[in-house]
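Protein chains in written order, with full-length UniProt numbering: chain A, 1 to 696; chain B, 1 to 696. C-beta: ideal position from N, C-alpha, C; glycine also. Below: the structure, in structure tokens.
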């Protein structure tokens, strides 16, 4: 009832609530999982042309062959991940596959690669999105870095404020984009072949300056082609997303996921090749350094020139610059790229929670749907992406150099892990039909591992000095931090093992309870009442006399109220609170080492942050100190001030926060589907797993 | 024993430890309390000349009259405060005097004025100190703002790290400074009169340009003289310090304090007048805008010219520029000015603690010797001072315009309060001798109130547009914030009054205890053992199943270990911890509204900040949420990890922190000297009030 205004305002929330409970049909799963890989055709074709231009415009004729190689690699990877999807219907991502089959180190390497990858997904997608938007609105491309950073900030705020992933919302721009590109391709083919019209890109009349006027040859050419191929591989980023999301699919989950993967691969391949072919047909010119190497009427374009993405140049050629379809496609492209960035906002904290569960990250992050963990992850991701965007001036071409390393590290290790997986299964399986299937799967994965491994080497060799070292450094950093955290947890866990059963002998015998008192107001009376109910062996009230008058009044009130708990008064000439209490507790412990001391502290619960500054600080500090005194329990007896109602409402609202990536992950396993962990006692099961179903 | 290395390193610490236990003789009390008022003669005389120069060099002949007026005012204020000291031997500062006699609002006004004043003491003293140092080392004056900010930072770090106030350390530079000035005055008089030598200041041959070539007359002249007088009043800042420090004096405290006040007044008056007279004799030229109005060989000095303080110009004339005594005096002047700034570092948090006791500031600041409160105060003070220094380019002349308002607000209100004080006493006193003394005191205070009030008006009128409005704004801000804090505390206190004795009827009846469990390790076993000892009505262990395998293992271990507490397992499909617990507790409360729930949370105690990030976060968050659920107690059962020893040592070291202003305040009242608050129980008195006497 309290959420009526919110519901009126954001009607959609209700819908996505329901959506989170349902499984995704293929037509929704495709856009949900494919915005990242599909959107990469917005920049990948351009990167190929751009690298080839180094050898001069004549080298463009290699581009279809490179596109072919990329498509072959894409199909290989898709085929490989179709095996993953079948083998790990629980949604085992690359991290799980690598950890299970290759061990902790491989898993951690994959995790580091993926974390770096998420950061770069944001940086590259947003930069490219801004460039695409800029092809329609020049102002944007003139202030590229600023617009990109603003977009990151907006996306971050959106995610922090709690925009829920919504399958349908994802579907619209993705299908618009795909439809737009297909219409463009079709119309381009019709105009070019059926109508026989000549289509010319805005850069068709430009020339490319090259230092290799005679064209490259031999090793130099081979290296350049490999570099172009590496850049084209940017089209493969995000392919692995579906393998994380199998539980979100409708049944039969694995088959539907595999089909969706194939569909995605096919669509991406057609778009990628189509754009390259149309780019050649419309004479698109792309230069690595357009300011210097792109000649307009024989003169360099200069630093003021902004090179539009291939997809927008092709659209300009096919639809005409500034026409409605052109603007529609530019907007759809930008939108799908921003959506792709948004998937990283969901994936990054999600992976973080899995890593936290394996104790590579602080344990408190292990709650998948936790808002705090989610927020920390988002801020970290956005900060890193923003830094990259600023350093690289939101230049997608330069950012892509960093991008592909992480992707292929995880591809290669995941596929290698799958080969091990099949080996292990083969050693146990005797059924011939099953063995045949496994052999086939193993072959596919082995080829995938080999091919992606080869590409990884190519990428490392061709891109290392162009920026790939930055990614490697980032991976190393993540790896080192996570290893250190894991080691710390392992050490602590060793320290805590309850190895010695004889410890029980020195069990404490009695409990001496102390209620801290400053006034005889309601919180104090409540704390006293609670402490009395606990029936410890002895109970006294303790007050620190920092002001003689106040203490005298307290004592008077104590006697008037007739409280039957003895009041002990400690003098504190320096008006300290903490030290006298600590000293007193220590003395009690020294006098009776086998006794426990239980300290009750009345605590105010307030609603506003500045109220927190005005209350409880002494209590908190005292509590902090008491923790270091062995044999002491500290009990907070909260008193809810009226303003605490505000905070309670705020907390309840936060509790309705949906888990990050809820749609992509599918609903959580129902109680009972787990291997163990039923509610042992009779009553209703606690925590029914329904987010937002809390409270009245 | 553990402090041996520290003692070897900082031998002085021991000495100041002992010092804090002893009372100050007058010869130490004088430098301790007087570094601020004495050091102000380093800038006040210059300010008088500088303002007069606006009317041309001929106006300099008014300066002795202005000096005389300042000295009369100084003696008036000293005489007035000698009454304060006698009437309030407990060390009632202006704030206490104003609050007691004029009410809360007047007290708060004084407090706001004093807080602003402390900030300006730092800004002005350090700027002037840098200028004095700069007269010997040109590099310093060329980078005045930078050096001033660095000095503030150093002073801040020193105070944050825990440099103890030491009477002897204070005495050396103050006596050096006083001796240096007196030697200079004596030598100047001897050279000028006995030896008949002509002494010429470095600026003696310069001319002062003025727009009033014919000299000012009438109202304009009167206004200028008043402005010059206002500036000269800077010499009075800090006079009130002794009245705060009466308890630090040896007996008879009041008389000794009064004598010290008189000595200080006399020394300051002699130095102030002497410097002005010698400045006239040596033809010192000071201009308000030296770059424009100071003519060297008929041409303006230009922006590169740095005008040296009068005291250093006189020293140059008397001793010779760059001679050893000249450098010695410059260094002593700078040092005593930095000491003056340091007194603000002690006074600001001290006043804060008094205000906190009266609930105008967060309660946790009320411990005088508390390090946290002290640190917050210091950082606030240093930040504000640094901002002023940067805004005003460390120009002491411009900062002084802001300075004097606050001082005279508190002078006037304090003296008015004293008049009320005597009126009240007179209405009760019948002894004629006593009444005569009171009448005399009242006359002195009334004259003091009238005179300082008049000066306040003069200062406001002549300086308002020159910067006094900034001080007023600062005071208003402090006033508003403190009023708001007090109102909040009053509201809460009303809310908490235990007014209804019938509330006892709905007392809770039974306690249901829950121990949160994740593993069967030592912390868990300890929490279980403790909870069992508390003998609540029912006890169960609760675990949240976020990982089915781990839960199964926990259940197995539970049975193997033979723990006789039932284990309840709650499923949490979204891997949440907080929500299932909250829901469960709420359900318990709904089912049995009269029952209390006591939740035991095992908590790790760690030693390093980053370890804190890796542990307890879930527990802390759960605790935070449970506080909002009525009828719940939350008990932390700490488990000290090995690394916690580090933190314990750190905390113990911090506990030895000496109170700010310990020397100036005198030792705290011994237990027993207070009006009430003896240790009621038999045993040793807890918290013996000896700082540093904690632990083994």
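Could you tell me which whole alpha helix (DSSP H) segments of length 4 or greater appear in the region 273-332 of chain B? 290-293, 310-319
Count the other CB atoms within 10 Å of the CB of residue 417/B; is the residue buried (16 or more) or exposed (fewer)? Buried.
What would DSSP say about residue 482/A, mapped onto helix, strand or coil? helix
Of all the CB atoms in chain B, is at least one closer than 8 Å to the CB of residue 181/A? no
Since residue 54/B is in the beta strand (DSSP E), which residue starts that stretch and which ends it? Where residue 54/B is concerned, there is no enclosing beta strand (DSSP E), given that its DSSP letter is neither H nor E.
Given residue 639/A as reference, the closest of 438/B, 493/B, 168/B, 400/B once Cα atoms are compared: 493/B
Would you call the region 607-620 of chain B and the region 580-592 of chain A touching, i.e. three or more CB-CB distances under 8 Å? These segments do not touch.
Would you give the residue range spanned by the alpha helix (DSSP H) that residue 243/B belongs to? DSSP places residue 243/B inside the alpha helix (DSSP H), whose first and last residues are 241-244.
Using a beta-carbon distance below 8 Å, is residue 482/B in contact with chain A? no
Using the beta-carbon of each residue, which ones in chain B are nearer than 8 Å to residue 534/A? 511, 534, 535, 536, 598
DSSP state of residue 138/A, grouped into three classes? Look at residue 138/A here: in three-state DSSP terms it is helix.
Taking its Cβ as the centre, do 16 or more other Cβ atoms sit within 10 Å of residue 350/A, making it buried, or is it exposed? buried
To which residues does DSSP link residue 512/B through a beta bridge? 538/B, 597/B
First and last residue of the alpha helix (DSSP H) that includes residue 633/B? Not the alpha helix (DSSP H): residue 633/B falls in the beta strand (DSSP E), residues 632-640.
Buried or exposed (CB count within 10 angstroms, at least 16 for buried), residue 577/B: buried
Let's see if you can read the secondary structure: which residues bound the beta strand (DSSP E) around residue 358/B? Here residue 358/B belongs to no beta strand (DSSP E), and DSSP marks it neither H nor E.
Can you list, in chain order, the residues of its chain with a C-beta nearer than 6 Å to that of residue 292/B? Leave out the 5 residues immediately preceding and following it. If you ignore the 5 residues before and after residue 292/B, its C-beta comes within less than 6 Å of the C-beta of 300, all in its own chain and listed in chain order.
Where DSSP assigns a beta bridge to residue 605/A, which residues make up the other side? Beta-bridge pairing links residue 605/A to 640/A.
Going by other Cβ atoms of all chains shown within 10 Å of its Cβ, with 16 needed for buried, is residue 27/B buried or exposed? Classification for residue 27/B: exposed.
Would a check of beta-carbon distances place residue 199/B closer than 8 Å to chain A? Not one chain A Cβ lies under 8 Å of residue 199/B.
What does the alpha-carbon distance come out to for the pair residue 606/A and residue 521/A? 16 Å
Specify whether the region 117-131 of chain A and the region 335-344 of chain A touch according to this definition: at least 3 beta carbon pairs, one from each stretch, less than 8 Å apart. yes
Looking only at its chain, what residues have a beta carbon closer than 8 Å to the beta carbon of residue 360/A, apart from the 5 residues adjacent to it on each side? 108, 111, 482, 483, 485, 486
If you run the structure through DSSP and keep just helix, strand and coil, what is residue 7/B? With a pLDDT of 39 at residue 7/B, under the threshold of 50, the modelled position of that residue is not reliable, and no figure is offered here.
Indicate, with yes or no, if the ligand ADP has a heavy atom lying under 7 Å from the CB of residue 169/B. The ligand ADP is not part of this structure, which contains no ligands at all.
Would you kindly report the start and end of the unbroken beta strand (DSSP E) that includes residue 571/A? 567-571
Does the beta-carbon distance from residue 239/A to residue 89/A come in below 8 Å? no
Count Cβ pairs between the region 386-395 of chain B and the region 133-149 of chain B that sit closer than 8 Å; are there 3 or more? At 8 Å Cβ cutoff, the stretches touch.
Consider the Cβ of residue 19/A: report whether some Cβ of chain B lies at a distance smaller than 8 Å. Residue confidence is low: residue 19/A scores 39 on pLDDT, short of 50, so the model does not pin down where it sits. No coordinate-derived value is stated.
How about the region 222-240 of chain B and the region 300-316 of chain B: do they share at least three Cβ pairs that are nearer than 8 Å? no
How would you write the range of the alpha helix (DSSP H) that residue 583/B sits in, first residue to last? Residues 578-591.
Determine whether the Cβ of residue 613/B lies closer than 8 Å to any Cβ atom of chain A. yes
Give a yes or no on whether the minimum CB-CB distance between residue 647/B and chain A is below 8 Å. yes
Where residue 349/B meets chain A, residues with beta-carbon distance less than 8 Å: Near residue 349/B there are no residues of chain A at all, since even the closest Cβ is about 13 Å away, more than 8 Å.
Per DSSP, which one or two residues make a beta bridge with residue 24/B? When beta bridges are read from the DSSP output, residue 24/B appears opposite 249/B.
Give me the chain E residues within the contact set of residue 523/B, using Cβ-Cβ distance strictly less than 7 Å, ordered along the chain. Structure shown: chain E not included; protein chains present are A and B.
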